[in-house]
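Trainee: Taking numbering that gives the first Met the number 0 as reference, the numbering of the sequence shown is continuous, increasing by one, and the terminal residue is 211.
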Amino acid sequence: MTGLRERWRLKTMRTIQERALDLFDERGFGAVTIEEIAAAAEVSPSSVYRIFGTKQGIVVTDVELDSMSPEALESILDPADPIGSLLRAVRSYESPDAPSSGTAGDGPQANRSPWRRVRYFFAEPSVRMAVCATLDRAGERIAPLIAATGQMSAAQARVVAKALAFGYFAALEQWYLDGGERPIADYVEEGMRPLRRIWATPQPSSGADHPA
Numbered sequence: 000m001t002g003l004r005e006r007w008r009l010k011t012m013r014t015i016q017e018r019a020l021d022l023f024d025e026r027g028f029g030a031v032t033i034e035e036i037a038a039a040a041e042v043s044p045s046s047v048y049r050i051f052g053t054k055q056g057i058v059v060t061d062v063e064l065d066s067m068s069p070e071a072l073e074s075i076l077d078p079a080d081p082i083g084s085l086l087r088a089v090r091s092y093e094s095p096d097a098p099s100s101g102t103a104g105d106g107p108q109a110n111r112s113p114w115r116r117v118r119y120f121f122a123e124p125s126v127r128m129a130v131c132a133t134l135d136r137a138g139e140r141i142a143p144l145i146a147a148t149g150q151m152s153a154a155q156a157r158v159v160a161k162a163l164a165f166g167y168f169a170a171l172e173q174w175y176l177d178g179g180e181r182p183i184a185d186y187v188e189e190g191m192r193p194l195r196r197i198w199a200t201p202q203p204s205s206g207a208d209h210p211a
C-alpha cells in the first residue's frame, strides 16, 4: 500500500508541475494563481500548497531527487567522483529515452520537461531565491557523504559540497544565457572541470594543514 501511495503522490506532483509550467509558458509566471494551477491539474488548491508550499516551489522542486531517501541519494552520488555521477544524472535526464510527462520530445531541449522549468530559475527573481535555498539544502545533504570518504575534513567537505551545488547552478545559468541550444551536460562538464582537480589530488583530512 505504501508503494502505491508513493507512486500516486509522485504522479500527482508531476501532473501539478507540468500543468503549472503549461500555464506559466502561456501566460507568464506572475499572472498565474495557485487556484488556476490546481484547477488545471484537477486537484484542490490545498493539495498544491501541501505538496509544494508556494508557487515558486512548484518550479524549483525536482520531483524524483527531492523524494529520495539518504540511502537512495548515496546510491546515485559517488562521493569519490561526485562530478562524474552528476554528469551521468544530467545526461540521463537529457536522454531522448528519458520519460517525460510534458512537452513532446521532438522539440528544442529548452521546451522539454524537466528542463523547461530551468528558464524560470533565472527569469523570475523569486524563483531564483527559492532555487538558492534548495541548493543550500542539497549541499548540506552532500557534505556528509563526501566527508565519510575520509579524504577531506568536515570543513573541506562542506565547502566542496556547496561548490558542487552552486557550480551546477552557474552551469545552468550559462546554458540559459546561451539560449539553451547545447545540452546542459556540456555546460556542466565544462564548468565543473576546475573542480574535478580536487578529486585528482589527495586531500588532507586532519587539521594539521591549517596555516599558522
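Cβ coordinates follow ideal geometry from the N, Cα and C atoms, glycine included. Nothing here was measured: the structure is a model prediction, and the numbers come from that model.
Report the three-state DSSP secondary structure of L22 (helix, strand or coil).
Mentor: Correct three-state label for L22: helix.
Trainee: With DSSP run on the structure shown, which of helix, strand or coil describes Q155?
Mentor: Helix.
Trainee: Using only the alpha-carbon positions, how far apart do R140 and A162 sit?
Mentor: The straight-line gap from Cα to Cα measures roughly 13 Å.
Trainee: Note the first and the last residue of the continuous alpha helix (DSSP H) segment covering P124.
Mentor: P124 to A146 is the extent of the alpha helix (DSSP H) around P124.
Trainee: Let me make sure I understand the geometry here. Which of S45, A147, V59 and S43 has the alpha-carbon closest to that of Q213?
Mentor: Residue 213 is absent from the structure shown; the chain starts at 0 and stops at 211.
Trainee: Terminal residues of the continuous alpha helix (DSSP H) containing S45?
Mentor: Where S45 is concerned, the enclosing alpha helix (DSSP H) stretches over P44 to F51.
Trainee: Locate the alpha helix (DSSP H) running through R181, then write down its first and last residues.
Mentor: It is not in any alpha helix (DSSP H) - R181 carries neither H nor E in the DSSP assignment.
Trainee: Where does the unbroken alpha helix (DSSP H) through R93 begin, and where does it stop?
Mentor: Reading the sequence as shown, one finds Glu at residue 93 and not Arg. Start and end: P81 to E93.
Trainee: Do you know whose CA, among R115, Q155 and A164, lies nearest G138's CA?
Mentor: The option with the nearest alpha carbon to G138 is A164.
Trainee: Just checking, does the stretch 82-93 make contact with the stretch 179-196 on the three C-beta pairs under 8 Å criterion?
Mentor: Output reads yes: the stretch 179-196 touches the stretch 82-93.
Trainee: If you measure from the CB of D135, is any heavy atom of the ligand FMN nearer than 7 Å?
Mentor: Among the components modelled here there is no ligand, and therefore nothing to report on the ligand FMN.
Trainee: Can you list, in chain order, the residues of its chain with a C-beta nearer than 6 Å to that of P78? Leave out the 5 residues immediately preceding and following it.
Mentor: L144, I145 and T148.
Trainee: Going straight from the alpha carbon of R181 to that of G29, what length do you get?
Mentor: Looking at the two C-alpha atoms, the distance is approximately 28 Å.
Trainee: Since A37 and D21 are thought to touch, with beta carbons under 8 Å apart, how far apart are those beta carbons, to the nearest angstrom?
Mentor: With a Cβ gap of about 13 Å, A37 and D21 do not count as contacting.
Trainee: Nearest CA to the CA of P124: which residue from R18, R8 and K54?
Mentor: Measuring from the Cα of P124, the nearest candidate turns out to be K54.
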